[in-house]
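J.: Residue numbers 1 to 270, in this note's numbering, belong to the letters of the sequence shown in order.
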Amino acid sequence: MTDLPSLRETLDAHGLLARKSFGQHFLLDLNVTRKIVRLAGPFEGRPVIEVGPGPGGLTRALLESDAGQVVLVEKDARFAPLLSELDDGSGRLTIVEGDALKVREAELVQGPAHLVSNLPYNVGTPLLIKWLTGPWTPHALTLMFQKEVAERIVARPGEDDYGRLAVIAQATAQARIVMHLPAAAFTPPPKVASAVVHLIPRADRPAPELLKRLERVTAAAFGQRRKMLRSSLKPLGGAALCEAAGVDADARAETVDVPGFMRLARALKS
Numbered sequence: 001m002t003d004l005p006s007l008r009e010t011l012d013a014h015g016l017l018a019r020k021s022f023g024q025h026f027l028l029d030l031n032v033t034r035k036i037v038r039l040a041g042p043f044e045g046r047p048v049i050e051v052g053p054g055p056g057g058l059t060r061a062l063l064e065s066d067a068g069q070v071v072l073v074e075k076d077a078r079f080a081p082l083l084s085e086l087d088d089g090s091g092r093l094t095i096v097e098g099d100a101l102k103v104r105e106a107e108l109v110q111g112p113a114h115l116v117s118n119l120p121y122n123v124g125t126p127l128l129i130k131w132l133t134g135p136w137t138p139h140a141l142t143l144m145f146q147k148e149v150a151e152r153i154v155a156r157p158g159e160d161d162y163g164r165l166a167v168i169a170q171a172t173a174q175a176r177i178v179m180h181l182p183a184a185a186f187t188p189p190p191k192v193a194s195a196v197v198h199l200i201p202r203a204d205r206p207a208p209e210l211l212k213r214l215e216r217v218t219a220a221a222f223g224q225r226r227k228m229l230r231s232s233l234k235p236l237g238g239a240a241l242c243e244a245a246g247v248d249a250d251a252r253a254e255t256v257d258v259p260g261f262m263r264l265a266r267a268l269k270s
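#1: To the nearest angstrom, how far is it from the Cα of residue 183 to the Cα of residue 31?
#2: Which same chain residues end up closer than 6 Å to residue 244 when comparing Cβ atoms and leaving out the 5 residues on each side of it in sequence?
#3: Where do the ends of the alpha helix (DSSP H) carrying residue 146 lie?
#4: Nearest to residue 93 by alpha carbon, out of 236, 63 and 37?
#5: Looking only at C-alpha atoms, which of 205, 118 and 80 sits nearest to residue 185?
#6: Compute the distance between the beta-carbons of residue 150 and residue 217, then report whether it is under 9 Å.
#7: Between the alpha carbons of residue 152 and residue 166, how many angstroms are there, rounded?
#8: Can you give the Cα-Cα distance for residue 27 and residue 180, rounded to whole angstroms?
#9: Could you say if the stretch 106-118 and the stretch 35-47 meet the contact criterion of at least three C-beta pairs nearer than 8 Å?
#10: With distances taken from CA atoms, which of 85, 146, 73 and 176 is nearest residue 190?
#11: Please state the DSSP three-state secondary structure of residue 201.
#12: Starting from residue 59, trace the alpha helix (DSSP H) both ways and give me its first and last residue.
#13: Quick check for students: name the residue ranges of the beta strand (DSSP E) that lie wholly in the stretch 29-88, counting only runs of 3 or more.
#14: Mind checking which residues open and close the beta strand (DSSP E) that includes residue 175?
#15: Report yes or no: do three or more beta-carbon pairs, one from the stretch 241-259 and one from the stretch 157-165, lie closer than 8 Å?
#16: Hey, quick one: how far does the beta strand (DSSP E) through residue 103 stretch, first residue to last?
#17: Can you name, in chain order, every residue of its own chain whose Cβ lies under 6 Å from the Cβ of residue 272, other than the five neighbours on each side?
#18: Expressed to the nearest angstrom, what Euclidean distance is found between the alpha-carbon atoms of residue 122 and residue 143?
#19: On the DSSP bridge list, what partners appear for residue 97?
#20: Measure from the alpha carbon of residue 240 to the alpha carbon of each residue in 109, 135, 263 and 207, then state which is nearest.
#21: Going straight from the alpha carbon of residue 39 to that of residue 199, what length do you get?
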């Protein structure tokens, strides 16, 4: 990796600029990408999937690490030739051109795998929900989001950012913010700051059917978050559902903790 031209030189050589339609903001400082990879590791030879590698700043750091197979999922075909330049012929690097929302991760790697990505801003939340609630469970996730999204993931009951995303993320994983980055760290700089969230899926992650119920309950509760649960959850059973779950029907969604929402999901009839 040390013999390669800088990321900025590589972008210039290929005549590439970030595309706003893809939510692209590049991390070109290798000191930053190496720190993110250190926070994500150790990998101990396990495979790593990176979504939206762009010019390959995180990719270079991953290839310097103790990761095993490094699989890149890139929707923007312009970057394929640039990323191919990182392949040393060992078979360790795999480049997949496709939409990360549609790929099947279980077909890309074998065994427990990490996800390490500077996610495109426009698909960060749906990708996280896919990985936390879908059939394939990663070993760990270290992901860059807009700061406001990162704060919604780790928010606690009673906080302004606490909502549906926090409940689903914390019901399925342990989540914490491990790094903050200013907009100036990116090229081009976005209008907001960013943060890296590290998530470890829970061993007792709810079964798929229960997760579907949790999504229904949180959608209803936070869809009218200023109303009491007896009103916001009325289509799902209202006060009777709350009573069955042992949750105060006069409470508002923003004050109910994750275990409380899990009880509501269990009490909800399929």
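Glycine included, C-beta positions come from ideal geometry on N, C-alpha and C.
T.: Let me lay it out:
#1: About 16 Å.
#2: The beta carbon of residue 244 sits closer than 6 Å to the beta carbons of 267 from its chain, once the five residues preceding and following it are set aside; these are given in chain order.
#3: Membership of residue 146 in any alpha helix (DSSP H) is not indicated; the residue belongs instead to the beta strand (DSSP E) covering 140-146.
#4: Residue 63 holds the alpha-carbon nearest to the alpha-carbon of residue 93 among 236, 63 and 37.
#5: Minimum Cα distance to residue 185 is reached at 118.
#6: No.
#7: Each residue's Cα considered, the two are about 6 Å apart.
#8: Across the structure, residue 27 and residue 180 are spaced so that their CA atoms are roughly 13 Å apart.
#9: The stretch 106-118, when compared against the stretch 35-47, does touch it at the 8 Å Cβ threshold.
#10: Considering only alpha carbons, the answer is 146.
#11: The answer is strand: DSSP assigns residue 201 an E or B state.
#12: Start and end: 57-64.
#13: Every beta strand (DSSP E) of 3 residues or more that sits fully in the stretch 29-88 is shown, in chain order, as 48-51 and 70-74.
#14: Counting along the chain, residue 175 sits inside the beta strand (DSSP E) bounded by residues 173-181.
#15: For the pair of segments examined, the stretch 241-259 was found to touch the stretch 157-165: the number of CB pairs separated by less than 8 Å reaches three.
#16: If you look at residue 103, you'll find it isn't in any beta strand (DSSP E); DSSP assigns it neither H nor E.
#17: Nothing can be reported for residue 272, as the shown portion of the chain is limited to 1 through 270.
#18: Rounded to the nearest angstrom, the gap between the Cα atoms of residue 122 and residue 143 is 14 Å.
#19: Answer is 74, bridged to residue 97.
#20: Closest by alpha carbon: 263.
#21: Each residue's Cα considered, the two are about 11 Å apart.
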